[in-house]
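Taken in sequence, the protein lines are chains V and G. The first sequence begins at 1 in the working numbering and counts up by one. The second sequence begins at 1001 in the working numbering and counts up by one. Beta carbons are placed, not taken as given, at the ideal position from N, Cα and C, and that holds for glycine. These numbers come from a predicted model, not from an experiment. Worksheet: one structure, shown below.
There are 2 protein chains.
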Amino acid sequence: MPVNLNPVKPEQLAAIAGVELGVAEAGIKKADRKDVLVIRLDKGNTVAGVFTQNRFCAAPVQISKAHLDAGVQIRALVINTGNANAGTGEDGRQRALAVCQALATELDCAVEQILPFSTGVILEPLPADKIIAALPKRRSANWAEAAEAIMTTDTAPKATSRALDIDGHKVSITGISKGAGMIHPNMATMLGFIATDAAITRPMVNQLVKEVADLTFNCISIDGDTSTNDSFMLISTGQSGAPLIDSPNQPAYAQLKAALLDVATELAQAIVRDGEGATKFITIKVEGGRSVAECKAVAYAIAKSPLVKTAFFASDPNLGRLLCAVGYAGVNDLDVDRMALYLDDVLVACNGGRNPEYKEEDGQRVMQQSEIGVRVELNRGQASATVWTCDFSYDYVRINADYRS
Amino acid sequence: MPVNLNPVKPEQLAAIAGVELGVAEAGIKKADRKDVLVIRLDKGNTVAGVFTQNRFCAAPVQISKAHLDAGVQIRALVINTGNANAGTGEDGRQRALAVCQALATELDCAVEQILPFSTGVILEPLPADKIIAALPKRRSANWAEAAEAIMTTDTAPKATSRALDIDGHKVSITGISKGAGMIHPNMATMLGFIATDAAITRPMVNQLVKEVADLTFNCISIDGDTSTNDSFMLISTGQSGAPLIDSPNQPAYAQLKAALLDVATELAQAIVRDGEGATKFITIKVEGGRSVAECKAVAYAIAKSPLVKTAFFASDPNLGRLLCAVGYAGVNDLDVDRMALYLDDVLVACNGGRNPEYKEEDGQRVMQQSEIGVRVELNRGQASATVWTCDFSYDYVRINADYRS
């Protein structure tokens, strides 16, 4: 059961003018399961993405990067589940390109105008023929069905919409994402696609996708594994009629960015809420650091620690494990006597030891909640960072021990 | 059940002349359990240690380091389980010193001549009074009982001995260790004590302890958590009658180092074999790297990945997870097309993809073994490193979710 994840309501997801969705069942891993999604775009769009930093990045990641770098007009994105096409070398690239070519032929465009995405098992050959055979059979879909089509071990689809007014024009944003394991920043086994009918220049869409990812999809961790495939794409179709955004100094840029952050935060948090085996949603905020990087390092040390995560699972305020993780986060000149640790509003530790006023029952009360806030005050600077994670349960082991069967 | 862990046979553990062991039940966490060990040393010994690099290092670690740095003759080590005395600030240091002072008074020496060690729960006050009350009640013990007295979540004691001949003199070495969770290099919740009756100068014992730790206790990982307390101590009493070792160029230095490595390797591996919830013992060897550091980084990325560890638990050759871990190990210019991955003698991946000859049943065969070898050939240099780890099972979660209850 996901932790406080809002169910997707199809009628609340805005269609985005200039985007046409199609889903199909290719039988990649299981029969009769939606496992292919095509996002077809009208001409006049701009698209940008951020990708996994894993050196073993998958064939589709390599190809999508190259196609985006080519600077051509993107006409479609094609996404499959059930096979990651990662660790597959040159043969994997050829198979991904074959899928792109099939769609390019149908859409009468060049292969570079198609972006491929895959998620699923690593190190197995992509059944490109099955995908190519399924493409002509795809049927028109809404965003809720699109969100379902990209699920792997997710237990629920993840999608949300926002609307805003830019200079008197209604602008819509709709996004979908999928997790649910192997999640760690710099893209994990995570796919996120956000489309808007705002009009944005290519340099601005490039800047927006990075700024938004850094504060959302790059702030989550489920098990510390950075996957081979993961990608977050921002698509603008320009069909809202709102004026073109071509500078970060325009008020519309800030307005749109705020709405995109809102969508991406909900989608990124949804991945954690539906993290493999998750029973708790944990927000880790590290403040008073000398840099965002060191705040993130501390937050991730906590977020990744199996000992911390099993303590959350057990609702056990075994909070020394949190201090221990802070201690090995790699901030080598950290003065532990100056830091403070809070669990929600409860001051647990300060002056290098337990807060004399701290009572076990106060820690226990917070640990029993399904949403828990951890706050670390480093007291050595002005920077801060927030990371979202979940606990570590029997089910995480079960899901990952069973994943291929 | 530990993985192929040899049971300790008390009669095979050599007493070390100049070392007197005593155990007691202080009732620190549980009644009627051996939880205090005193290792009393005759004068004329040399002692050196390596300690956790966690910034939140425990009070006893801070004190043991300071006492060793003082350069005085060490007269005893006092070890308690059930409480780590970590995250306890100045009060924790005072409590550890109170224990040292009680023993110093009994032994008629200075407080700096006592080294304290603690392991157990973090962030709770050390019941120093209980330990001080138990000290006079301690009874003479052998090494097998000493090994039992330092256990926490260990399911079995860990101890071993070796004998060697140096210039016609029989030299004995006996060591004990404890794990079993929170194990990651640069000392984890790991205590290791090795004593020998060889005669070694202080600079040489300092050098030996570091060289031995780097190849043994600093090469293991159970869950990636580097603990607050852990310490590996090397004690030489000089009572064997063998000539003094005062230079690394002496043949006796190499001879003794080899035997110490043998003892420390067995003790370090024993910790992994008895890792919390372990069902598999995995040796990860990374070869052909440009530096030992990068080989260790790759080996630890594999050893720490929950996805890899759950696949081992499931005996599932989901080997893409191994490649994925190599990919995010932080070797940023790694050419994945040049590396090769072996599971025992089975070539799984090469040329950036799956070995065309690889058969699932070959991978399956190796994964079902209780001892598994993973070998990564980076093909970019001459360095290599070996790391030992275990799998990740339901029991790991159970043990760590229950630990304080």
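Inset, instruction - Using a Cβ cut-off of 7 Å, pull out every chain V residue sitting near G/F1056, in sequence order please. - result: Translated into the one-based positions of the second sequence, residue 1056 of chain G becomes position 56. Result: L323, C324, V326, G327, V336.
Inset, instruction - Excluding the 5 residues preceding and the 5 following V/T283 in the sequence, name in chain order all residues of the same chain whose CB lies nearer than 6 Å to its CB. - result: As a working mapping, residue 283 of chain V is identified with position 283 in the first sequence. The answer, listed in chain order, is G373, W388.
Inset, instruction - Could you tell me which uninterrupted alpha helix (DSSP H) segments, each at least 4 residues in length, are contained entirely in the stretch 328-376 of chain V, listed from first to last along the chain? - result: 360-367
Legend entry - Any 3 or more C-beta pairs closer than 8 Å across the stretch 354-364 of chain V and the stretch 314-325 of chain V: yes
Inset, instruction - Determine the contact status of V/L135 and V/E106, defining contact as a CB-CB distance below 8 Å. - result: On the first sequence, residue 135 of chain V is found 135 positions in, with the first residue counted as 1. On the first sequence, residue 106 of chain V is found 106 positions in, with the first residue counted as 1. Cβ distance < 8 Å, so V/L135 and V/E106 count as in contact.
Legend entry - Residue range of the alpha helix (DSSP H) that includes V/K29: As a working mapping, residue 29 of chain V is identified with position 29 in the first sequence. Here V/K29 belongs to no alpha helix (DSSP H), and DSSP marks it neither H nor E.
Inset, instruction - Anything in the stretch 68-98 of chain V with a Cβ closer than 9 Å to a Cβ of chain G? List those residues in chain order, please. - result: A84, A86, G87, T88, G89, E90, D91, G92
Inset, instruction - Kindly indicate which residue of G/C1100, G/T1216, G/S1393 has the alpha-carbon position closest to the one of G/G1277. - result: Position 277 of the second sequence holds residue 1277 of chain G. Minimum Cα distance to G/G1277 is reached at G/S1393.
Legend entry - Contiguous alpha helix (DSSP H) assignments of at least 4 residues, all confined to the stretch 214-294 of chain V: 251-273
Inset, instruction - State the DSSP-derived secondary structure class of V/L208, mapped to helix, strand or coil. - result: Here residue 208 of chain V refers to the residue found at position 208 of the first sequence. Residue state, collapsed to three classes: helix.
Inset, instruction - Just the chain V side, please: which residues come within less than 9 Å of G/S1221 by C-beta, in chain order? - result: The sequence position of residue 1221 of chain G within the second sequence is 221, counting from 1. Ordered by position in chain V, no residue passes the 9 Å Cβ test against G/S1221, which lies about 11 Å from the chain.
Legend entry - G/L1343 versus G/A1133, G/E1377, G/S1177, G/A1058, residue with shortest Cα-Cα distance: Looking up residue 1343 of chain G in the second sequence gives position 343. Nearest C-alpha to G/L1343: G/E1377.
Legend entry - chain C contact for G/G1353 (CB, 8 Å cutoff): This model lacks chain C altogether, as its protein chains are V and G.
Inset, instruction - Flag this pair as touching only if the stretch 1097-1104 of chain G and the stretch 1202-1220 of chain G have three or more C-beta atom pairs under 8 Å; answer yes or no. - result: no
Inset, instruction - Output yes if chain V places a C-beta closer than 8 Å to the C-beta of G/I1063; else output no. - result: To locate residue 1063 of chain G, count along the second sequence from 1; it is residue 63. By this cut-off, G/I1063 is not an interface position.
Inset, instruction - Please report the Cβ distance between G/D1165 and G/I1016, rounded to the nearest whole angstrom; I am assuming they are in contact, meaning their Cβ atoms lie under 8 Å. - result: Residue numbering aside, residue 1165 of chain G sits at position 165 when the second sequence is read from its first letter. Residue numbering aside, residue 1016 of chain G sits at position 16 when the second sequence is read from its first letter. G/D1165 to G/I1016, Cβ: 16 Å. No contact.
Legend entry - G/A1144: first and last residue of the uninterrupted beta strand (DSSP E) it sits in: Position 144 of the second sequence, counted from the start, is the residue given in the question as residue 1144 of chain G. Run containing G/A1144: none in the beta strand (DSSP E); it sits in the alpha helix (DSSP H), 1143-1149.
Inset, instruction - Mind checking the stretch 347-374 of chain V against chain G and listing, in chain order, the residues whose C-beta falls within less than 7 Å of any C-beta there? - result: A349, N351, G352, G353, R354
Inset, instruction - Apply the 10 Å Cβ neighbour rule to V/M1 and answer buried if 16 or more other Cβ atoms are within range, or exposed otherwise. - result: Indexing the first sequence from 1 puts residue 1 of chain V at position 1. It counts as exposed.
Inset, instruction - Taking only beta-carbon positions, decide if V/G320 is within less than 8 Å of chain G. - result: Counting from 1 along the first sequence, the entry for residue 320 of chain V is found at position 320. Chain G, which has a Cβ nearer than 8 Å to the Cβ of V/G320, makes this yes.
Inset, instruction - Measuring alpha carbon to alpha carbon, tell me which of V/A270, V/M339, V/P116, V/V397 ends up nearest V/I407. - result: Residue 407 of chain V lies beyond the residue range present for chain V, which begins at 1 and ends at 405; the question has no answer from this structure.
Inset, instruction - With distances taken Cα to Cα, identify the nearest neighbour of V/G168 among V/E294, V/A252, V/V50, V/P60. - result: Numbered from 1 along the first sequence, position 168 holds the residue referred to as residue 168 of chain V. Considering only alpha carbons, the answer is V/A252.
Legend entry - Residues of the stretch 1117-1129 of chain G with Cβ closer than 8 Å to any Cβ of chain V, in chain order: V1121, I1122, L1123, E1124, P1125
Legend entry - Short Cβ contact (8 Å threshold) for V/L41 with V/A76: Locating residue 41 of chain V in the first sequence gives position 41, counting from the first residue. Locating residue 76 of chain V in the first sequence gives position 76, counting from the first residue. Yes. Within cutoff.
Legend entry - Other residues of its chain near G/T1201: CB distance less than 8 Å, five sequence neighbours each side excluded: Here residue 1201 of chain G refers to the residue found at position 201 when the second sequence is read from its first residue. Here the set comprises T1046, L1244, I1245, D1246.
Legend entry - Environment of V/P10 [buried if 16+ CB atoms lie within 10 Å]: Indexing the first sequence from 1 puts residue 10 of chain V at position 10. Looking at its Cβ environment, which holds fewer than 16 other Cβ atoms inside 10 Å, V/P10 is exposed.
Inset, instruction - For G/D1391, count neighbouring Cβ atoms within 10 angstroms of its own Cβ and tell me buried if that reaches 16, exposed if not. - result: Counting from 1 along the second sequence, the entry for residue 1391 of chain G is found at position 391. By the 10 Å Cβ count, G/D1391 comes out buried.
Inset, instruction - Measure from the alpha carbon of G/S1177 to the alpha carbon of each residue in G/V1263, G/D1032, G/Q1239, G/A1242, then state which is nearest. - result: Locating residue 1177 of chain G in the second sequence gives position 177, where the first residue counts as 1. For G/S1177, the nearest C-alpha among the options comes from G/V1263.
Legend entry - Below-8 Å beta-carbon distance, G/F1051 vs any chain V residue: Position 51 of the second sequence holds residue 1051 of chain G. No, its Cβ sits nowhere closer than 8 Å to a Cβ of chain V.
Legend entry - Listed by chain order, chain V residues near G/V1397 by CB distance under 8 Å: As a first step, residue 1397 of chain G must be located in the second sequence, where it is residue number 397. Here the neighbours are T310, F313, F392, S393, Y394, Y396, V397.
Legend entry - Beta-carbon neighbours of V/V331, restricted to chain G and to distances below 8 Å: As a position in the first sequence, residue 331 of chain V is number 331, starting the count at 1. The contacting residues are R1055.
Inset, instruction - Have a look at V/G179, V/R273, V/A254, V/E371 and flag the residue whose alpha-carbon is nearest the alpha-carbon of V/D230. - result: Reading the first sequence from its first residue, position 230 is the one you call residue 230 of chain V. Answer by Cα proximity: V/G179.
Inset, instruction - Kindly indicate if chain G contains any beta-carbon less than 8 Å away from that of V/S161. - result: One-based indexing of the first sequence puts residue 161 of chain V at position 161. It does not: the Cβ of V/S161 has no partner Cβ on chain G nearer than 8 Å.
Legend entry - Between the CA atoms of G/V1298 and G/A1058 - distance to the nearest angstrom: Looking up residue 1058 of chain G in the second sequence gives position 58. Looking up residue 1298 of chain G in the second sequence gives position 298. Going from the Cα of G/A1058 to the Cα of G/V1298 covers about 29 Å.
Inset, instruction - Return helix, strand or coil for V/I132, following the three-state DSSP convention. - result: Working through the first sequence from its first residue, we reach residue 132 of chain V at position 132. Three-state result, V/I132: helix.
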